[in-house]
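Read through the structure below, which is laid out as structure tokens, and then see the notes.
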Amino acid sequence: MLQWGQELLLPDFSMLVRQLCSSRSQVKSVINILDNIPQSANKLEPETLNLVVQAYSKKGLLCKAKALLDEMVEKKIQINNETYTAMLLPLLKKGNMKDLNYYWNNACRNQWLPGLAEFKQLLVSICHWKMLGKALQLLEVMLLSYPSIRLDICHVFLEVLSTTGLSNVALLVLEELQHCFVLDHASYNKLIRGFCNEGKFSLAFTLLDDMLDKSLHPCLDVSVLLIPQLCNADRHEKAIALKDIIVKEQPSFSHDVHCALIHGFCKMGNLWKADTLFQDMLFNGLILDGKLCNILIQGHCYANDLRKVDELLGAAIRKNWELSHSSYKHLVRLMCMKGRVHFALSLKNLILAQCPLDDLIIYNILVFYLLSVGNSLIVNNIVTEMEEKKIILDEVSYDFLVYGFWQCKDLSSALHYLTTMISKGRKPSKRSLRKVISSLCEAGELQKALELSHEMRLRGWVHDSVTQTAITESFLSHGKIQEAEMFLDQMEAESLTPDNINYDYLINLFCQNGRLNKAVHLVNIMLKKSNIPSSICYDSIIRGFCAQKKLNDALDLYSEMLNLSLIPRINTLEMLVDSFCQDGRTEQAERFLLAMVHRGETPTREMYCTVIKGYRTEKNLSKASDLMQAMQDSGYQPDFETHWSLISNLSNIKAKDSDNSKGFLSRLLSKSGFLKKK
């Protein structure tokens, strides 16, 4: 028809578009038709336009959906709830916050209201992005708009938040909604399950107590989650009571809760109670199975009970029970620790036969524990075996090898596996890079450390504080100050410095080498990243500036130090005062002392003496006298030399007599205790 220049009547055209919109596979056909017949597209009724926006959104064609929706808003065409919901869901999924906020606000202004199923979908995505404001806003809209299903709405809210790590928020909100929602059996279970999954066990225990007070009992899976944690928190009596409730009410699940309680006793290290309960199980007709055997193996491995472990492992092998990865890990750790390496190797073969698809995990565990006890020679054989079996090492494997060989003091092997890992396109952990580079620098292998750093720079990998410090210190220790500064400049220029950078140690080193400007620059880098250098750094720089007679720079650093609430060392303050006086700035030194007193600090005796000596040198005996009085007010007694120096110059001073003052000598001697009041 289009090729013949003919057009469908508007009702038929609209029906065709609606039918195509109902099939996601035909959305492209809708686009082609609307693009080819724009004059008919502009005449479509609101219902069809809403369906087109929904189809575009569901297909992920957000640009077209937004363009059409914006056009509808501009023309004041009525927009359905389903249309807004269809637009918001993909925006939430993509995390497009700018567009999300725009269309969310637009929808709310137009009294948008999703259905219960859509409410749950939206809430899941909202909670994923931790947008609590929008979650609460949506809950309020739903509760006000659907008063007849408020209970269902609260249950959905509780379910979503408790499964997305926001159980605490859910509990607080629902406590505020007590007028329309009271926690029931299902609600308690959801909340407790959520708190357990979030590791907030104390809150889970509080809810359990509240639940039991209301004669409500947690369901089986929640009880199994709670029992081991109750034991771990030394509340085993409550755990036993919970086990008894399940056994009484649901005897068919007796085995599950007994296993949970035995697991709990093992976690708290009470193997005697675990074994006693196990014997009770056997006495009551419950049997040992693979799950319980794994729990007991892990518990006795943790207790280093080789005899019991051998017994349980023998039972597992005879019954052909599959050992869990956790049990295998505990067994390998114990065997390596006890020197039974050949047994650990045999166990590896047994587990590989049971779980051939998990071969890399099994080898990784073995490599880790062999290296942790120093068996590096055997590990080389293990790696060869893995290569023969075409098992490809992953990041975890290489990191275990690098760190393990480093622990074994085999730096060359650690470096070999690190460089191999990088050459294969795998990124080492920060720990692996940090340990190897630091050790190379300590061993005097600076060039190899720089080669590693070069590989990191090529890949844009951040150099952490330890790495930068190790390389820079190595440069400085060889007298290569300029190279050290260039290295740090490269880190800054290439944005390879992490946000948590700490240059404290290097700042002090540069101060010791007289590079105060570089030390100040490192301070500024830390401050830009919101990291405050230690007071020792500021002390070092201030003392350095004093030594170089750069008192204004020293004062600037001192003021910055006070603004950061850092407390300078006494010897730093004394050096500042001494530098002022040596530079002929005695009055500034005095003001410095007065500022200290004003802040509630007490200058030392040496500070007072230094400034008094400065005034004596300047023949300003009046100032010296006043400061000596302030010194005595602070509880210090001047030495004889200072006393005598002032007294010996009195012949040139005429004391002023008045009703409220004494002569200079009288005041001086009176303060010193030589004159008594009449």
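Residue numbers (full-length UniProt numbering): 1 to 678. Quick reminder that beta carbons are idealized off the backbone N, C-alpha and C, glycines included.
- Under the three-state reduction of DSSP, L8 is assigned to coil, being neither helix nor strand.
- Using a Cβ distance threshold of 7 Å, S187 and L158 count as a contacting pair.
- Note on P228: 16 or more other CB atoms within 10 angstroms of its CB, so buried under the neighbour-count rule.
- For W272, the enclosing alpha helix (DSSP H) starts and ends at L271 to F283.
- Residue L516 holds the alpha-carbon nearest to the alpha-carbon of G544 among S534, L516 and M526.
- Membership of M631 in the alpha helix (DSSP H) is indicated by the continuous run L621 to D633.
- Only residues of its own chain outside the window of five on either side were considered, and among them W406, L411 and A414 have a CB closer than 8 Å to the CB of S439, listed in chain order.
- Ranking L282, I297, I245 and L242 by CA distance to the CA of C266 puts I297 first.
- Between the stretch 428-443 and the stretch 456-466, the count of C-beta pairs closer than 8 Å reaches three or more; the two stretches touch.
- If you keep only unbroken alpha helix (DSSP H) runs of at least 4 residues inside the stretch 114-183, you get 116-128, 132-145, 150-162 and 167-176.
- In the structure shown, the three-state DSSP call for A303 is coil.
- Collapsing the DSSP output to three states places N105 in a helix.
- DSSP, read as helix, strand or coil, puts K549 in coil.
- For A135, the number of other beta carbons within 10 angstroms of its own is at least 16, and it is reported as buried.
- In the structure shown, the three-state DSSP call for R193 is helix.
- Exclusion of the five residues before and after L171 leaves L191 as the residues of its chain whose Cβ lies within less than 7 Å of its Cβ.
- With 16 or more other Cβ atoms inside 10 Å of its own Cβ, N375 counts as buried.
- With fewer than three CB-CB distances shorter than 8 Å, the stretch 210-226 does not count as touching the stretch 165-182.
- Of the residues assessed, G264 falls on the buried side of the cut-off, its CB having 16 or more other CB atoms within 10 angstroms.
- No residue range can be given for A233, since it is assigned to no alpha helix (DSSP H) and is classified by DSSP as neither H nor E.
- Within a 10 Å sphere around the beta-carbon of G194 sit 16 or more other beta-carbons, which makes this residue buried.
- Rounded to whole angstroms, the Cβ separation of L88 and L68 is 15 Å, and the two are not in contact under 8 Å.
- In this structure, V611 places its C-beta atom within 7 Å of the C-beta atom of A589.
- For secondary structure counted as the alpha helix (DSSP H) over 4 or more consecutive residues, the UniProt repeat "PPR" (499-533) holds these complete runs in sequence order: 504-512 and 516-528.
- Collapsing the DSSP output to three states places T384 in a helix.
- The residues N508 and C511, in chain order, have a CB closer than 6 Å to that of S540 in the same chain once the five nearest residues on each side in sequence are set aside.
- Our two residues, K338 and W272, have alpha carbons roughly 22 Å apart in a direct line.
- Put simply, the backbone Cα of D499 is about 8 Å away from that of M526.
- Going by beta carbons, T602 and S634 fall inside the 7 Å limit.
- Contact annotation: the stretch 274-281 does not touch the stretch 309-324, with fewer than three C-beta pairs closer than 8 Å.
- It is roughly 22 Å from the alpha-carbon of V53 to the alpha-carbon of L138.
- DSSP places P356 in no alpha helix (DSSP H); its state is neither H nor E.
- I37 and V169 have their alpha carbons spaced roughly 51 Å apart.
- By the C-beta density criterion, M561 is buried, having at least 16 other C-beta atoms within 10 angstroms.
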